[in-house]
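Okay, so here's the structure we're looking at.
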Amino acid sequence: MRVAYYKGCLAALSAKELDISTQALAPKVGLELDELDAVTCCGAGDIHEAEPDYYLHLNARILAYAEQTGSDTLMTVCNVCTLNLRQANMALQNDEELLARVNRNLEAVGAPPYSGAVEVKHLLWLIAEGDGYERLKDAAHKGLKGLKVAPFYGCQILRPSKMLGFEDPDKPHSLEAIIEACGGEAIDYPAKIKCCGFPIIQAREDTALAELIQPLEQASEAGADAIVTPCPLCHLSLDAWQSKLKAATGKDFQMPILHLSQLIGVAAGLEASELRFKRHVVSVAPVDEKLSV
Amino acid sequence: MDVALKIWRYDSRTGERKLEEFEVDAPEWACLLDVLDIIKDKHDGTLAYRKSCRMMICGSCGMRMDGRAVLACKERMQPIAEAGHVPVISAMGNLPIVKDLVVDMGPFWNKIRSVKPWLDPGYDEVTEKERIVSQQQMNAIQKESLCIMCGCCVSECNSMEADPAFLGPAALAKGFRFVGDPREGNQVERLVAYNDEHGIWDCTRCYFCNERCPKGVDPRDAIAKLGAESIEQGIDHDMGAKHAKWFVTSAKTTGWLRETELVPKTQGILSAVKQTGFALGLARKGKVPPPFPPHVADRVKEARALHDLVGQQGRGGADGIIQMERALARAEHGEAEGAHRVSPEVTPGVQPPVAEG
Amino acid sequence: MRAAIEAHDSGADVALLSKIHPVRSHSGAAEGGINAALGNASEDDPDKHTFDTVKGSDYLGDQDAIEILCYEAPEDVYQLENWGAVFSRTEDGRIAQRPFGAAGEPRTAYAADITGHVLVHVLYEQVMKRDIPAYEEFFAWKLVVDDDRCQGVIAWDLVNGGLKTIGAKTVVLATGGAGRLYVGTTNAYACTGDGMALALRAGVPLKDMEMMQFHPTTLSPTGILITEGCRGEGAYLLNSEGERFLKDYAPNAMELASRDVISRAEQTEIDEGRGIDGSVLLDLRHLGAERIIERLHGTRELSMTYALIDPIHEPIPVRPGAHYHMGGVDTDVWGQTELTGLYAVGECACVSTHGANRLGGNALMETITYGRRVGQHAADWALTHTTVAVPESQQTDAERELEALLDRSKGERPWAIRDELATTMHENFGVFRREDQMKKQGKIVEKLRERFENVVVEDKGTLFNNDVTQALELGFLLDLAECMIPAGIERKESRGAHARPHDYPDRDDENFLKHTLTRLVDGKVELDWKPVNITKYPPQERTY
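Residue numbers (my numbering), protein chains in the order written: chain A, 1 to 293; chain B, 1001 to 1357; chain C, 2001 to 2544.
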């Protein structure tokens, strides 16, 4: 399946491991990625809040470039990008006047117009069911050897469900299904659908840390070997801010955090150079150890 | 039909808490509230919960079903009973529980009061007739006017759980009801007040409030509108505002987020320096992309030009979000969720006559 | 709340006392709109409004009271707008007005189809602004009457338990209606006629108690309200043959005839076999999705949630349901009752502005206009008269009475009595009434009263005990039924909502152009009559 690929800001830079592992994994699950170059940041919740009209245009432009590739699917690897693009898409697909205005502006700056023909889907959705899921099962031949993996969904792949709608926002199953297909054991815990605090981790650190500790503590107590998340922003807070949690609470979780593509990549036999675990702040070595035994 | 429920009983005076199961016979059209009534009438009169209108307008019956805040009068029990599921009913979260399913709404109302929830036209004189405003102007606050003060949004608010002093989605949505009202005279003062430490920028964007609101208020969007209006009015001293503005700056200069500069831009140089240790830890792993050479997107001049062009078109501030609401409402109505019964068939006759008079 | 605001602004120390939080008031469920001759949609004036209301009342309304309402209404609506009420607007930015039942001109100002909700919230905002104290979740159970004056209220504190007495120089009852007397009702659980029963028990007469309005478009079986605003926007009422049957009952006004006319028409269609499962159909499809979503969004939500029908695609099954009580505490045009210091306003009062049938949109108007008047008068009176001391014995007596109720462990739970009352009232005292059925109902209520003497309250505690308050509410309902039935039997005519097609099918102005008065004398209900104030419009034949 050919898809337009929008990696977003983090996968392009600080979470490069996400992009590298995604690109390495894609052919194994039957995905041909058409990388979009002439695109910008999707704006995250920040531009949506600071300059929402600009947010709409930035995302319309991304959708327009995606449409230009000829694919009808734009694949994302970040929750926030997914919600932002889907929200903009819904607005444009359901309001002719709005679409006309946005297109006039796009054309005025030399960008292609958008006709509304693209669907935005996270990698998670493409492989959690149907043909994608079958291919996943085939690809995950190395398996996870019963590794205990705690799924952490991240808010914006679930809510608001009227814009995302892939699964029940309170009882999601996609990550569990993938973990199991890869031969791992999915760990259940209440905070798996709660917020990691990333959007306010700089502006309101205390509040964010009080949120962040919940999935880490609960997954730890439930015996998880690692946490997997489909969002690089959640990944950043769960991984890179564990040290701040330790400083604030004295609790040292040492919990490896995996990107979705990395988790599957391990099960599919990707090389270390494709997984790039060395880029993680919290060492993933314990997972390696468990799997090599 | 047979319906079974588990209810968390609680007495705030004794601290006693226990989970009780009930099984009753209820009519097919019963909602959760009807089942509670049957339990209270016929099984246990001490069960405490609030109710009044039973038609989703008074806001009395907010409670949790399987941990999710709902209006008891809105939840139909038939699909649940048919699936054989036994839901767990408990009181709403983030508010002290008085008894069983009754919470103390005092803290909720205190936060509402703290946003000065009354129109302040900025002048004392009452106009002779109505103030002239267009329907389009009033539509700006159409969603926020739907709020019935039920507390469902507050129940699962992740920020409020982590920071109990957070103003919260209901109070902030009420705040936008005034900031967005064309007749309001004190927008700026309000925005300054809502930019407080526990205000707009304390929202973690978990979207639980949007998900839970039974009336479609979408409080998170109201908060975003407040943020947009604040920044438009130049009220941007909060770190949250600075953080958000840096994303705009990044997009219109390099197209991609200028991550590394984000910290000092948000928190200030001093604070950034204090976190050098933390930053170095990240840098060692390559998580601090060097700001030079800048990572520039292809054809970034389009993004730059877009910013200038769009900025002149008068849809600044909250309008940028409001402009999408009509489309999003249309997208929703296509699904007609919850309606699946076909109305009794009426023998198709001649086209009914046009109304007279 | 409107009265409290006015009393506060008049300088009085006023408090709200309510068994549910003020914002939960059932006025918030009103949907269609509030009437005033603003003249924004057409040439209109208060005189036309007055005539429509008088005719709508089937000439039982007191015309001086009606004139006051219609003439003062416009200013009150502008006041609400000034306070921030979110009204829907016309093309030129004025308050929009839509056509409503039995109105000669479109004068129902509205806020989409959530007008009541918008007004309740704007009033509460003004209450918060003035910091008016509120005894929230206090259940008023008895009036303190001493020295021929009403001196306060004895209430059960729901959150903390126990009876509390709140002394006051004036007490304004604004407790709404008693739709819970009927099994199919638009009313909330809270609408149990508390204020009317309190006044009755204090010796004050109730007026026109037999006049209960049945709203034509309510959902089955609950009675949830589907606004008249739908018909204002152009919706049709169809029977099982797809016909707009109102052509046979109200050929001119059709779906916008008076509510009692339409309810009777529907009931007749249903009784004669042209209904579907006991309902007729309200068809909105031709209005189009855009209009329904913009103006009738609330209706659509209700229809989808409770009838599982999307009105964009299917017609909604509707039937008559008990909706509004025209009768109530007998007051003058300032809300004063016979008992010094006691006032009543709104649905629980009967001035009478609605006579035998109320126009849609006039109820909200009455709560605002008369709310203001009564608040002002009650404040002025209180400020010019001496303080009172509440005799302690009143509270201790009440406590003893309550203890006796709580102590009882053998008996019946209230629900069976309550359900039987509601079902039988619906059957025997509904849209159509007959002498033999009404008499039968009288006996049924007698038996239910006997059973009620042995009712058992299961929750004996003090922490949020609404088991006891629900039992007390049932007592109120029985009191009111005991007034409604004799009044209904003695009114030997058909007028407005009181329809007796089998025994007295016509209106009898010669003998019955008067109000019924029911009063408790030595524990028994006594019936009396009171003349109607006719100023401008002598009774005419009433057709639509």
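Ideal placement from N, C-alpha and C gives every residue a C-beta, glycine not left out.
Taking the alpha-carbon positions, what's the residue 135 of chain A to residue 261 of chain A distance?
To locate residue 135 of chain A, count along the first sequence from 1; it is residue 135. To locate residue 261 of chain A, count along the first sequence from 1; it is residue 261. Their Cα atoms are separated by approximately 14 Å.
Just to confirm, does residue 39 of chain A get its C-beta within under 7 Å of one of the non-hydrogen atoms of the ligand ZN?
Looking for the ligand ZN in the displayed structure turns up nothing, as the structure carries no ligands at all.
8 Å contact criterion, which residue 2153 of chain C and residue 2144 of chain C should meet: CB distance rounded:
Translated into positions along the third sequence, residue 2153 of chain C becomes position 153. Translated into positions along the third sequence, residue 2144 of chain C becomes position 144. Contact between residue 2153 of chain C and residue 2144 of chain C is confirmed by a C-beta separation of about 7 Å, below the 8 Å threshold.
So with CB distances below 8 Å, who are the chain A contacts of residue 1172 of chain B?
On the second sequence, residue 1172 of chain B is found 172 positions in, with the first residue counted as 1. Residues of chain A passing the Cβ test: none, with the nearest at roughly 12 Å.
Could you tell me which chain B residues have their CB closer than 8 Å to the CB of residue 305 of chain A, listed as they occur along the chain?
Because residue 305 of chain A is not part of the residues shown, which for chain A are 1 to 293, the question remains open.
Does any residue of chain C bring its CB to less than 8 Å from the CB of residue 1113 of chain B?
On the second sequence, position 113 is the one that residue 1113 of chain B refers to. Interface residue, yes.
Going by DSSP in three states, residue 2035 of chain C sits in which element: helix, strand or coil?
Here residue 2035 of chain C corresponds to residue number 35 of the third sequence, with the count starting at 1. Strand, per DSSP.
For a test of the three-state rule: what should DSSP assign to residue 2480 of chain C, helix, strand or coil?
For the purposes of this step, residue 2480 of chain C is taken as residue 480 along the third sequence, with counting starting at 1. In this structure, DSSP gives residue 2480 of chain C a helical state, which the three-state scheme calls helix.
If we count Cβ pairs, one from each stretch, closer than 8 Å, do we get three or more for the region 2292-2302 of chain C versus the region 2110-2117 of chain C?
With three or more CB-CB distances shorter than 8 Å, the region 2292-2302 of chain C counts as touching the region 2110-2117 of chain C.
Please state whether DSSP places residue 2422 of chain C in a helix, a strand or coil.
Position 422 of the third sequence, counted from the first residue, corresponds to residue 2422 of chain C. In the structure shown, residue 2422 of chain C sits in a helix (DSSP, three-state: H, G or I).
Could you tell me whether the Cβ of residue 1041 of chain B comes closer than 8 Å to any Cβ of chain C?
On the second sequence, residue 1041 of chain B is found 41 positions in, with the first residue counted as 1. Answer yes: the Cβ-Cβ gap between residue 1041 of chain B and chain C drops below 8 Å somewhere.
Below-8 Å beta-carbon distance, residue 2331 of chain C vs any chain B residue
Reading the third sequence from its first residue, position 331 is the one you call residue 2331 of chain C. No, no contact with chain B.
Range covered by the beta strand (DSSP E) that runs through residue 276 of chain A
Locating residue 276 of chain A in the first sequence gives position 276, where the first residue counts as 1. Where residue 276 of chain A is concerned, there is no enclosing beta strand (DSSP E), given that its DSSP letter is neither H nor E.
Using the rule of at least 16 other Cβ atoms within 10 Å of the residue's Cβ for burial, across every protein chain shown, is residue 2266 of chain C buried or exposed?
Translated into positions along the third sequence, residue 2266 of chain C becomes position 266. Buried, since its Cβ has 16 or more Cβ neighbours within 10 Å.
Confirm, please, whether the CB-CB distance from residue 1254 of chain B to residue 1295 of chain B is below 8 Å.
Your numbering for residue 1295 of chain B matches position 295 in the second sequence. Your numbering for residue 1254 of chain B matches position 254 in the second sequence. Closer than 8 Å, so yes.
Straight-line gap, residue 2056 of chain C to residue 2539 of chain C (C-alpha atoms, nearest Å):
As a position in the third sequence, residue 2056 of chain C is number 56, starting the count at 1. As a position in the third sequence, residue 2539 of chain C is number 539, starting the count at 1. Approximately 11 Å between the Cα atoms of the pair.
Just to confirm before moving on: does the CB-CB distance between residue 2188 of chain C and residue 2544 of chain C stay below 8 Å?
As a first step, residue 2188 of chain C must be located in the third sequence, where it is residue number 188. As a first step, residue 2544 of chain C must be located in the third sequence, where it is residue number 544. Between residue 2188 of chain C and residue 2544 of chain C, the CB-CB gap reaches or exceeds 8 Å.
Nearest candidate by alpha-carbon position, reference residue 291 of chain A, set A/52, A/147 and A/14:
The count along the first sequence starts at 1 and reaches residue 291 of chain A at position 291. When the alpha-carbon of residue 291 of chain A is set against those of A/52, A/147 and A/14, the nearest one is in A/147.
Mapping the DSSP letters down to three states, classify residue 155 of chain A as helix, strand or coil.
Residue 155 of chain A sits at position 155 when you count from the first residue of the first sequence. Three-state result, residue 155 of chain A: helix.
What residues from chain B crowd round residue 2464 of chain C, counting only those whose CB sits closer than 7 Å?
On the third sequence, residue 2464 of chain C is found 464 positions in, with the first residue counted as 1. Here the neighbours are 1048, 1098, 1099 and 1102.
Boundaries (first-last residue) of the alpha helix (DSSP H) holding residue 1250 of chain B
Within the second sequence, the letter at position 250 stands for residue 1250 of chain B. Element bounds for residue 1250 of chain B: 1239-1253.
Could you please tell me which residues of the region 2129-2141 of chain C, in chain order, have their CB closer than 8 Å to any CB of chain B?
The region 2129-2141 of chain C vs chain B, Cβ under 8 Å: 2129.
Please determine if the region 58-69 of chain A and the region 35-45 of chain A are in contact, where contact requires at least 3 C-beta pairs separated by less than 8 Å.
The region 58-69 of chain A is in contact with the region 35-45 of chain A.
DSSP has residue 1985 of chain C in a bridge; who is on the other side?
Residue 1985 of chain C lies beyond the range of chain C shown here (2001 to 2544); nothing can be said about it.
Length of the line joining the Cα atoms of residue 1265 of chain B and residue 1291 of chain B:
As a working note, residue 1265 of chain B is residue 265 in the second sequence. As a working note, residue 1291 of chain B is residue 291 in the second sequence. Going by C-alpha positions, residue 1265 of chain B is about 13 Å away from residue 1291 of chain B.
Closer than 8 Å is the cut-off here; do at least three beta carbon pairs connect the region 1130-1139 of chain B with the region 1190-1199 of chain B?
Counting Cβ pairs under 8 Å, fewer than three are found: no touch.
Of all Cβ atoms in chain A, is any one closer than 8 Å to the Cβ of residue 1193 of chain B?
Here the question's residue 1193 of chain B lines up with position 193 in the second sequence. Residue 1193 of chain B does not count as touching chain A.
Own chain partners of residue 2065 of chain C with C-beta closer than 8 Å, once the 5 adjacent residues on each side are dropped:
Stepping through the third sequence from its first residue, residue 2065 of chain C is reached at position 65. Within the same chain, 2333, 2351, 2352, 2353 and 2533 come within 8 Å of residue 2065 of chain C by CB-CB distance, once the 5 residues on both sides are set aside.
Compare the beta carbon distance of residue 75 of chain A and residue 4 of chain A with 8 Å and say whether it is the shorter of the two.
On the first sequence, position 75 is the one that residue 75 of chain A refers to. On the first sequence, position 4 is the one that residue 4 of chain A refers to. Cβ distance < 8 Å, so residue 75 of chain A and residue 4 of chain A count as in contact.
Could you have a look at residue 2151 of chain C and say whether DSSP puts it in helix, strand or coil?
In the third sequence, residue 2151 of chain C corresponds to position 151, counting from 1. In the structure shown, the three-state DSSP call for residue 2151 of chain C is strand.
Kindly indicate which residue of C/2204, C/2303, C/2121 and C/2100 has the alpha-carbon position closest to the one of residue 2522 of chain C.
Sequence index remark: in the third sequence, residue 2522 of chain C carries index 522 (1-based). The shortest Cα separation from residue 2522 of chain C among C/2204, C/2303, C/2121 and C/2100 belongs to C/2204.
Since residue 202 of chain A and residue 83 of chain A are thought to touch, with beta carbons under 8 Å apart, how far apart are those beta carbons, to the nearest angstrom?
Counting from 1 along the first sequence, the entry for residue 202 of chain A is found at position 202. Counting from 1 along the first sequence, the entry for residue 83 of chain A is found at position 83. Approximately 20 Å separates the beta-carbon atoms of residue 202 of chain A and residue 83 of chain A; this is outside 8 Å, ruling out the contact.
For the region 2220-2233 of chain C, which residues have a CB atom closer than 8 Å to at least one CB atom of chain B, in sequence order?
Residues passing the 8 Å Cβ filter: 2221, 2222, 2224 and 2225.
Go ahead and label residue 2318 of chain C buried or exposed: buried means 16 or more other beta carbons lie within 10 angstroms of its beta carbon, across all protein chains shown.
Numbered from 1 along the third sequence, position 318 holds the residue referred to as residue 2318 of chain C. Buried, because 16 or more other Cβ atoms sit within 10 Å of the Cβ of residue 2318 of chain C.
Do residue 1056 of chain B and residue 1155 of chain B have their C-beta atoms within less than 8 Å of each other?
By 1-based counting over the second sequence, the position of residue 1056 of chain B is 56. By 1-based counting over the second sequence, the position of residue 1155 of chain B is 155. Using a Cβ distance threshold of 8 Å, residue 1056 of chain B and residue 1155 of chain B do not count as a contacting pair.
Put residue 1134 of chain B into one of helix, strand or coil per three-state DSSP.
The residue given as residue 1134 of chain B occupies position 134 in the second sequence. Coil.
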